[in-house]
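J.: Residue numbers (the numbering used here): 3 to 58. In this text, a Cβ means the ideal position worked out from N, Cα and C, and glycines have one as well. Please read through the structure below; I'll follow up with questions.
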């Protein structure tokens, strides 16, 4: 895993899990819930998006 230094304004998510069919909305929901859980585990903060939370 790499470490990012400085400001970034873009990220890409690549995900594959045999138990989810990634063509369904429920699969996308599971994927993002797991991603946001990881963000919180690593940073101690919930994921935030500038266009929603006015910070992030």
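#1: Are the beta-carbon atoms of residue 50 and residue 57 separated by less than 7 angstroms?
#2: For residue 27 and residue 8, I'd like the C-alpha separation in whole angstroms.
#3: For residue 1 and residue 54, I'd like the C-alpha separation in whole angstroms.
#4: Apart from the five residues on each side of it in sequence, which residues of its chain come closer than 7 angstroms, Cβ to Cβ, to residue 35?
T.: Looking at the coordinates:
#1: yes
#2: 33 angstroms
#3: Since the displayed the chain opens at 3 and closes at 58, residue 1 lies outside it and no answer follows.
#4: none
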